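These protein sequence lines are chains Z and G, in that order. Residues 1 to 209 in the numbering used here are what the first sequence lists, from first letter to last. Residues 1001 to 1209 in the numbering used here are what the second sequence lists, from first letter to last. Idealized CB from N, CA, C, for every residue including glycine. Everything numeric in this text was worked out from a predicted model, so none of it was measured. Below is one structure, written out as structure tokens; comments come after it.
There are 2 protein chains.
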Amino acid sequence: MNIGIIGAGNVGGTLGARWARNGHTVAFGVRDPNSTGSRELLQKAGSGTLTNMADAAKSADVLLVSTPWAAARQVIESLGDLSGKIVIDVVNPLLPDLSGLILGTTTSAAEQVAQWASGARVVKAFNTIGFNIMADPSFGASRALLFYCGDDAAAKQTVKSLAAELGFDPQDAGPLRQARLLEPFALLWISLAYGQGYGRDFAFQLLRR
Amino acid sequence: MNIGIIGAGNVGGTLGARWARNGHTVAFGVRDPNSTGSRELLQKAGSGTLTNMADAAKSADVLLVSTPWAAARQVIESLGDLSGKIVIDVVNPLLPDLSGLILGTTTSAAEQVAQWASGARVVKAFNTIGFNIMADPSFGASRALLFYCGDDAAAKQTVKSLAAELGFDPQDAGPLRQARLLEPFALLWISLAYGQGYGRDFAFQLLRR
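Listed below in structure tokens is the structure:
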């Protein structure tokens, strides 16, 4: 699969490198392809290309958007025509001090992203746990739960596969507007990890009977 | 412990009956103590008293408020002086069709309840899973996770004990404002259970490593 990573920080870098190591063709869209950090990223991935964001988007069937919320609109609108592409929205609309969400309840970052990424099939995913869990979602014999939501069934199926191959237990949370619940769920993880002493090495599992 | 149940529907009825069977003194505050439903509730609990809401509140050290959101303010303000009491707020501010929350992001039902229950020590808890999980939080050898939050450490310790004795894995989510995250978490459970085909027999577990 041709995967573009828009915003190759901890999250985009970790996921892109793992997908590259799994054999996908990954283009890392970065601000400066010649920086030391960018070259280190490519080394970690073992394969893939470093390019600017618009070129990374152009070649991709699946685009992971993991910029900070403040940059998301400008970046997405600069990517050109995204019609038909699968956009995985990882962005959480966090206040800079992590004390709350900038928006929610009646809308979500994902719904905003879907407006900006005109024609794209947006799936919210990989937003509810830290990049250390993305690097390794296994807890002994258990796999970390990963919720995703979106309005396009085929796009969700692709994202589900991309999560399962990394070792997650991917679970469909419903239509894109469910991001109104998954974004607070993300801040719950963040606030427990950084504010309430849980540390970053925890995740959730689904129990059924 | 003297426990008052305000709003003895599925949630209050289930929790109150289980605490009564565990040996606590439970007063069920109901609109009509002489109704068939009320008498059935008392039979299920095996012990306890049926009374009006104000009397249930008066005798209680711990008060479980599990009315619908629309009734919460009027009911809480009618209970008289709640100074020093522990109020467990189970109320989720759900739209009647369950399509969203009436409030959130910058406030929560719990923070509103804390204003109405002047002087009480409010703990948000038992709001994130259905009453069937409250009846039995065990999934094989695993226990369902139960988050609670509040601003009074001693009150939280009491609620933690009351959850643990029912078989939950109670976890502290931090101060009361964390209800801004636990109320969307509740709607996530509800929407998956009723709208996304998960059914009601699921819960979450915390994974650590």
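Is it true that the stretch 1007–1024 of chain G meets the stretch 119–129 of chain Z, where meeting means three or more beta-carbon pairs spaced less than 8 Å apart?
no
On a Cα-Cα basis, can you pick out the residue from Z:R177, Z:D201, Z:N2 and Z:W19 that is closest to Z:G104?
Z:R177
Residues of chain Z with CB under 9 Å from G:A1125, in chain order?
What G:A1125 touches in chain Z: nothing, since even the nearest Cβ is about 15 Å away.
Taking 8 Å as the limit between beta carbons, can you name the residues of its chain near G:Q1171, skipping five residues before and five after?
L1145, L1146, F1147, Y1148 and L1206
From the DSSP output, which residues share a beta bridge with G:D1172?
G:Y1148
Give me the subset of the stretch 1092–1111 of chain G whose CB atoms are less than 9 Å from a CB atom of chain C, sorted by chain position.
This model lacks chain C altogether, as its protein chains are Z and G.
Could you please tell me which residues of the stretch 1193–1209 of chain G, in chain order, have their CB closer than 7 Å to any CB of chain Z?
G1195, Q1196, D1201, F1202, A1203, F1204, Q1205, L1206, L1207, R1208 and R1209
G:T1036: which of G:V1026, G:G1023 and G:L1050 sits nearest, CA to CA?
G:L1050
With H, G and I counted as helix, E and B as strand and the rest as coil, what does DSSP make of Z:F126?
coil
If you follow the beta strand (DSSP E) that Z:T158 is part of, which residue opens it and which one closes it?
Where Z:T158 is concerned, there is no enclosing beta strand (DSSP E), although the alpha helix (DSSP H) it sits in stretches over A153 to A164.
Interface residues of chain Z around G:F1185 at Cβ under 8 Å?
L181, P184, F185 and L188
Does the stretch 1178–1191 of chain G come close enough to the stretch 1090–1108 of chain G to have 3 or more Cβ pairs within less than 8 Å?
yes
Between which residues of its own chain and Z:W116 is the CB-CB distance below 6 Å, once the five residues before and five after are set aside?
R73, I76 and E77
Compute the Euclidean distance between the alpha carbons of Z:A56 and G:V1011, then round it to the nearest angstrom.
51 Å
At a Cβ threshold of 8 Å, is G:F1028 touching chain Z?
no
Taking 8 Å as the threshold (C-beta atoms), are Z:T25 and Z:N52 in contact?
no
For Z:R91, three-class secondary structure by DSSP:
Correcting the residue type first, residue 91 of chain Z is Val in the shown sequence and not Arg. Z:V91 falls in the coil class under three-state DSSP.
Name the chain Z residues whose beta carbon is nearer than 9 Å to that of G:F1139?
L207, R208 and R209
I'd like to confirm the pairing. Which residues does DSSP put opposite Z:F185 in its beta bridges?
Partner(s): none; Z:F185 has no beta bridge.
Output needed for G:E1165: all residues of its chain with C-beta closer than 7 Å, excluding positions within five of it in sequence on either side, in chain order.
N1022
Would a check of beta-carbon distances place G:G1174 closer than 8 Å to chain Z?
yes
Are the stretch 182–191 of chain Z and the stretch 1189–1197 of chain G touching, with three or more C-beta to C-beta distances below 8 Å?
no
Is G:Q1196 helix, strand or coil by DSSP?
coil
To the nearest angstrom, report how far apart G:G1130 and G:R1200 are at their CA atoms.
7 Å
Residues of chain G with CB under 8 Å from Z:Q157, in chain order?
Under the 8 Å cutoff, chain G gives no residues; its nearest Cβ is about 15 Å from Z:Q157.
If you reduce the DSSP assignment to three classes, tell me which class G:G1037 lands in.
helix
Of the choices G:L1082, G:A1135, G:P1137 and G:V1087, whose alpha-carbon is the least far from that of G:A1154?
G:V1087
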